Amino acid sequence: MMTAVKNASGGMATPWSKARADFPLYTNGRRKIAYLDSAASSLTPEPVLAAMDAYYRECRANVHRGMYAESEDAGARYDGAREKIAAFLRAAADEIVFTRGTTESLNLLAYSLSRKLGPGDEVVISIMEHHANLVPWQQLAKERGFALEFIPLAADLTLDMRAARALITPKTKIVSVTYASNVLGTVVPVRELADLAHAVGAVMIVDAAQAAGHRPIDVRELDCDFLALSGHKMLGPTGIGVLYGKRGRLEALPPFMFGGDMILDVRKEDSLWNEVPYKFEAGTPNIAGAIGLGAAIDYLGKLGLDAVRSHEREITDYALAALAKIPGVTVYGPPSGSDRAGLVSFTIEGVHPHDAATVFDRQGVCVRGGHHCAMPLLRELGLNGTLRASFGVYTAPEDVDALVAAIIKTKAIFNV
Ligand SMILES: Cc1ncc(COP(=O)(O)O)c(C=O)c1O
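Numbering-wise (my numbering), the sequence shown opens with residue 849 and increments by one.
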């Protein structure tokens, strides 16, 4: 039974109905859609667009370099966004590095941290990692000779913590896991893994791409050393992301890219790096993107992250209950009642996910079909792909109803 998301007449109640009006894809879009692909990229609300537009119109200049008012204004907005993100993660501003997204943050970590790794060392990840948290470690393992270990899943598709305890040993130098699986919705007990990692002196990294903006995150409580997120998955613009690092860890980490603001002094024979976080921000950054991400955090703050989480949870439960009633539909994910991200992966017996997604599109239902950049997980599950419906602050029960109608239509077309 939906409570907080539906009013007595079955329409949407505030604040979600109000939120929906803020998203131009609903108000100005080319057609009426049920947008169910938020795990790939969320929609962007008006205040985020307005903040970026204001930067371009009011103080379009580079940051940190100009000695004039417009540049100082741009710098203040850019570093102001850094402070908002710091508060959002309960971190300090100098622990926030702007990147292009989770993929870049994780590549930066893999390249910089693995410089000290070699034969005999181990990096532990899980079998449900997105390729962004798998392929960099895999390729560097081949180059440097360290081993890559995978924490498996338990039968109920939660992370097998017994196996994790056995895998994390004094040989382990890095543990890098997703906070929430982009395929299964499984939420990982990150703090427990951080304790296991720290007990053997390993570095703990969290891929928060599917968690940030969907639940409150306190990096001190998680006790992770590093955390990566993407702006475009949390109502922000594309091309901007964050790498959080404990200050001491960032200071000890060698830079990954060279040039621009990351430099303090250059001589012919050597160079001196700027202080953190600038040491990791080479070249002109995505100024408008950072400002937009700051505005997204303001927007989420007004809704309240606890409220966002329970809204997405209720929509997820509504979807799980609706899909369970359709013959031939199989849902993949942890059992009901477990902590879950706001997404549902499923298959329709006898229909390839790509074919189903194409039929859905004709009904205005936007979902993702395929391997979701998690091929080892799909192989482990014995699947060539799934359909994935994923939710955001603007998702309404009627979107899930449209999905159910699209599934029934697809079954009729394919005669299954
Ligand atoms: C769990 C997870 N990690 C990493 C990524 C990569 O994010 P981005 O493409 O924004 O770098 C994604 C994107 O889907 C993801 O779901």
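Beta carbons: idealized from backbone N, C-alpha and C, even for Gly. Here the structure is a predicted model, which is why all the values come from computation and not from measurement.
{"Check": "Sufficient close CB pairs (3 or more, under 8 Å) joining the region 1003-1021 to the region 1043-1060", "Outcome": "yes"}
{"Check": "CB-CB length for alanine 1090 against alanine 1189, believed under 8 Å", "Outcome": "The residue you asked about is not alanine; residue 1090 is valine in the sequence shown. Not really, about 19 Å apart at Cβ, beyond 8 Å."}
{"Check": "Option in Ala867, Ser890, Lys866 with minimal Cα separation from threonine 1086", "Outcome": "Ser890"}
{"Check": "C-beta neighbour in chain B for alanine 899, strict 8 Å", "Outcome": "In the structure shown, chain B does not exist; there is a single protein chain."}
{"Check": "Extent of the continuous alpha helix (DSSP H) run through lysine 964", "Outcome": "Careful: lysine 964 lies outside any alpha helix (DSSP H) and carries neither H nor E."}
{"Check": "Own chain, CB closer than 6 Å to aspartate 969, minus 5 neighbours either side, in chain order", "Outcome": "Phe994, Lys1021"}
{"Check": "Distance between phenylalanine 1074 and alanine 1050 (C-alpha atoms, nearest Å)", "Outcome": "12 Å"}
{"Check": "Extent of the continuous alpha helix (DSSP H) to which valine 1090 belongs", "Outcome": "Where valine 1090 is concerned, there is no enclosing alpha helix (DSSP H), although the beta strand (DSSP E) it sits in stretches over 1089-1093."}
{"Check": "Strand pairing of aspartate 1310, partner residues [DSSP]", "Outcome": "Lying before the first or after the last residue shown, residue 1310 is absent from the chain, which here runs from 849 to 1264."}
{"Check": "6 Å CB neighbourhood of histidine 979 in its chain, flanking five on each side removed", "Outcome": "Cys1221"}
{"Check": "Whole-number beta carbon distance between isoleucine 1065 and alanine 1076, since they are thought to touch under 8 Å", "Outcome": "Between isoleucine 1065 and alanine 1076 the Cβ distance is about 12 Å, and since that is not below 8 Å, they are no contact."}
{"Check": "Residue of Ala1100, Val1207, Gly1217, Thr947 minimising C-alpha distance to phenylalanine 1262", "Outcome": "Val1207"}
{"Check": "Rounded separation between glutamate 1099 and phenylalanine 1128 - CA only", "Outcome": "10 Å"}
{"Check": "Check: glutamine 1058 C-beta below 7 Å from any heavy atom of ligand 1", "Outcome": "yes"}
{"Check": "In DSSP terms, what serine 919 is bridged to", "Outcome": "Beta-bridge pairing links serine 919 to no other residue."}
{"Check": "Which listed residue (Arg1161, Met1110, Leu957, Phe871) has its alpha carbon closest to that of glycine 1093", "Outcome": "Leu957"}
{"Check": "For glycine 1033 and serine 1184, the rounded distance between their alpha carbons", "Outcome": "11 Å"}
{"Check": "Inter-residue Cα distance where the pair is leucine 954 and asparagine 981", "Outcome": "6 Å"}
{"Check": "Runs of beta strand (DSSP E) lying entirely within the region 1155-1211, each at least 3 residues, in chain order", "Outcome": "1177-1180, 1191-1196"}
{"Check": "Beta-carbon contacts of cysteine 907 that lie in its chain and below 6 Å, excluding the five residues immediately before and after", "Outcome": "Glu918, Asp921, Ala922"}
{"Check": "Burial state of glutamate 1162 (16 or more Cβ within 10 Å)", "Outcome": "buried"}
{"Check": "Reduced DSSP secondary structure (H/G/I, E/B, other) of alanine 944", "Outcome": "Correcting the residue identity first, residue 944 is isoleucine in this sequence and not alanine. Looking at isoleucine 944 - three-state DSSP - the assignment turns out to be strand."}
{"Check": "CB contact flag (leucine 937, valine 1023, <8 Å)", "Outcome": "no"}
{"Check": "Leucine 1148 vs isoleucine 1088 beta-carbon contact at 8 Å", "Outcome": "no"}
{"Check": "Alpha-carbon to alpha-carbon, alanine 1155 and alanine 1254", "Outcome": "29 Å"}
{"Check": "Residue from Pro1182, Glu894, Asn1134 with nearest C-alpha to aspartate 870", "Outcome": "Glu894"}
{"Check": "Limits of the alpha helix (DSSP H) - the one that glycine 1142 falls within", "Outcome": "1135-1151"}
{"Check": "Closest Cα partner of leucine 1001 within the set Leu1235, Leu1229, Ser1238", "Outcome": "Leu1229"}
{"Check": "Closer than 7 Å: asparagine 1030 CB and nearest ligand 1 heavy atom", "Outcome": "yes"}
{"Check": "Burial state of methionine 849 (16 or more Cβ within 10 Å)", "Outcome": "Because the pLDDT of methionine 849 is 29, which lies under 50, any placement of that residue in the model is unreliable, and the number read from its coordinates should be weighed accordingly. Counting Cβ neighbours within 10 Å, methionine 849 comes out exposed, since fewer than 16 surround it."}
{"Check": "Cβ-based neighbour list, valine 1179, same chain, cut-off 8 Å, excluding 5 preceding and 5 following", "Outcome": "Leu1168, Leu1171, Ala1172, Val1192, Ser1193, Phe1194"}
{"Check": "Identity of the residues DSSP links to valine 1035 by a beta bridge", "Outcome": "Ala1028"}
{"Check": "Unbroken beta strand (DSSP E) run spanning valine 1114, endpoints", "Outcome": "1111-1114"}
{"Check": "Heavy atom of ligand 1 within 7 Å of asparagine 955 beta-carbon", "Outcome": "no"}
{"Check": "Cβ-heavy atom distance, asparagine 1134 to ligand 1, below 7 Å", "Outcome": "no"}
{"Check": "Contacting residues, own chain, Cβ-Cβ under 6 Å from alanine 1060 (five flanking each side not counted)", "Outcome": "Leu1077, Met1082"}
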